[in-house]
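Asker: Residue numbers (UniProt numbering): 1 to 249.
The beta carbon of each residue, even a glycine, is placed where N, CA and C say it ideally should be.
Predicted, not measured: the structure shown is a model, and the values here were computed from it.
Quick one: this structure, given as structure tokens, is what I'll be asking you about.
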């Protein structure tokens with residue numbers, strides 16, 4: 001399974017065509033977008049051919065908004081996450097062969113907002129193995145940020161208490177326009193109870209944005225998924241036993 005996270009999305013205004021090329025080049029199954037800047041009056045203005053579009057517009061402010069595009073060949077259904085107001089979310093459930101159902105959520109947390117424990121707990125409690133992927137605006141030395149922030153500290157503490165994984169690239173995903181600010185890793189993935197292996201997570205340079213798109217490839221564990229145990233009845237033995245019962249009666 002191949003996902004791409006695209007944040008800082010002036011992309012919708014300037015680089016929609018490049019996004020199309022990027023999805024084709026990397027064979028992307030699911031695109032997760034943050035800061036779409038879209039409004040409900042133009043829901044189809046940034047459609048991708050061959051993909052189903054799910055949008056969560058930020059109607060109460062000029063910026064923000066999240067989206068998911070998934071290939072039409074995938075078995076997905078949207079999740080209602082309208083109760084989240086402090087954090088931008090768009091989610092879907094994906095039915096996967098062998099793995100089972102997987103929840104995938106596009107995340108955008110504004111740099112002016114605090115990461116709330118209640119929001120993260122509610123997302124992790126959606127009931128299936130989950131991948132949260134997007135712009136968390138969380139900085140920590142644990143994933144290479146020179147200057148940490150409060151959100152990064154909060155996320156680290158919660159990962160230990162709630163037993164989820166934080167997956168980040170090794171190189172920066174955000175390059176500020178302000179040259180006095182340092183590049184940081186703000187775009188990351190959180191997984192819990194996911195049986196897929198992370199094959200790679202890397203920033204891409206196919207789109208010139210302050211947030212570099214992040215490519216995440218996941219696949220089956222080494223040796224494949226465990227085969228389900230199937231109980232097979234020996235109907236011949238059952239028939240013989242029933243015949244003995246009939247004979248005795």
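1. Indicate whether residue 151 and residue 114 have their beta-carbon atoms separated by less than 9 angstroms.
2. What's the gap between the Cα of residue 90 and the Cα of residue 34?
3. Compare the C-alpha of residue 64 against each of 177, 7, 195, 17 and name the closest.
4. Tell me whether residue 54 is buried or exposed, calling it buried when 16 or more other Cβ atoms sit within 10 Å of its Cβ.
5. Taking 8 angstroms as the limit between beta carbons, can you name the residues of its chain near residue 80, skipping five residues before and five after?
6. In terms of DSSP beta bridges, what is residue 33 paired with?
7. Would residue 140 and residue 155 qualify as a contact pair, given that the criterion is a beta-carbon distance under 9 angstroms?
8. Along the chain, where does the beta strand (DSSP E) containing residue 106 start, and where does it finish?
9. Can you give, in chain order, each stretch of the alpha helix (DSSP H) that sits fully within the UniProt domain "Endonuclease/exonuclease/phosphatase" (103–214) and has at least 4 residues?
10. Candidates 240, 243, 133: which alpha carbon is nearest residue 192's?
11. How long is the line joining the alpha carbons of residue 199 and residue 218, rounded to whole angstroms?
12. Out of 82, 92, 240, 163, which one is the CA nearest neighbour of residue 69?
13. Around the Cβ of residue 135, are there at least 16 other Cβ atoms within 10 angstroms (buried) or fewer (exposed)?
14. Between the Cα of residue 46 and those of 67, 204, 214, spot the shortest distance and give me the residue it belongs to.
15. Decide if residue 137 is buried, meaning its Cβ has at least 16 other Cβ atoms within 10 Å, or exposed.
16. For a test of the three-state rule: what should DSSP assign to residue 19, helix, strand or coil?
Answerer: Reading off the structure:
1. yes
2. 9 angstroms
3. 7
4. buried
5. none
6. 6, 67
7. yes
8. 100–108
9. 117–124, 150–162
10. 133
11. 5 angstroms
12. 92
13. buried
14. 67
15. buried
16. helix
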